[in-house]
Amino acid sequence: LKKENELIKTKLEKAERNQDILKDVKHRILSLTEMKNAATRDLNAARVQIQSLEHVRDENELLKSQLDGRIARLNKEFAEQDKEKVEAITRLTRDNEQLNMRLNQLSRQLGLQQASKPSTSASGSSEKTATESPRTANVKPIPGP
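Quick note on numbering: the sequence shown equals residues 147 to 291 in this note's numbering.
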């Protein structure tokens with residue numbers, strides 16, 4: 147009877163230990179399940195964020211491509227404008243030199259013409275002094291009726 151009591155007692159202690167182990171395992175399973183769910187939520191949030199960032203990256207690449215094209219076009223326009231400015235300056239400089247040469251030629255011709263012609267104006271009669279008063283007409287009033 148004593149042996150049976152001890153055997154029952156041993157089995158009971160063993161059953162209690164098994165119950166405690168089972169409780170610990172269930173608690174550990176619940177804890178791991180919660181951790182798995184939290185990790186799944188974090189993973190899904192990270193995936194959404196990655197998709198959002200990839201979308202933003204794609205938009206930025208498209209915008210960069212458009213802006214690079216615009217910059218290239220503007221640089222080409224600026225280069226063409228600079229070329230046109232240089233050509234205009236060259237042309238205007240050449241025109242200016244030609245006009246200066248023509249002016250010098252005409253000035254020489256005028257100088258030669260003036261040197262070969264005698265002066266036709268009378269220098270004494272055309273000059274007036276500042277003390278002379280200007281001539282005025284004598285006007286008499288008309289008598290009224």
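Where a beta carbon is used, it is the ideal one built from N, C-alpha and C, also for glycine.
Task: A234 versus Q244 - alpha carbon distance - done: The count along the sequence shown starts at 1 and reaches residue 234 at position 88. The count along the sequence shown starts at 1 and reaches residue 244 at position 98. Each residue's Cα considered, the two are about 15 Å apart.
- [ ] Check T282 in the structure and name its three-state DSSP category.
- [x] Taking the sequence shown and counting its residues from 1, one reaches residue 282 at position 136. It is coil, neither helix nor strand.
TODO: May I ask you to report which of helix, strand or coil DSSP gives K263?
DONE: Along the sequence shown, one-based indexing puts residue 263 at 117. K263 falls in the coil class under three-state DSSP.
Task: Between the CA atoms of N183 and D166 - distance to the nearest angstrom - done: Indexing the sequence shown from 1 puts residue 166 at position 20. Indexing the sequence shown from 1 puts residue 183 at position 37. Roughly 26 Å separates the two Cα atoms.
Open item on the list: Less than 6 Å between C-beta atoms, sequence neighbours within five positions excluded: which residues of the same chain meet that for K149?
Closed with: Within the sequence shown, numbered from 1, the residue matching residue 149 stands at position 3. Closer than 6 Å at Cβ, skipping near neighbours: no residue.
Open item on the list: In this structure, how does DSSP classify L147 when only helix, strand and coil are distinguished?
Closed with: As a working note, residue 147 is residue 1 in the sequence shown. Here L147 sits in coil by DSSP.
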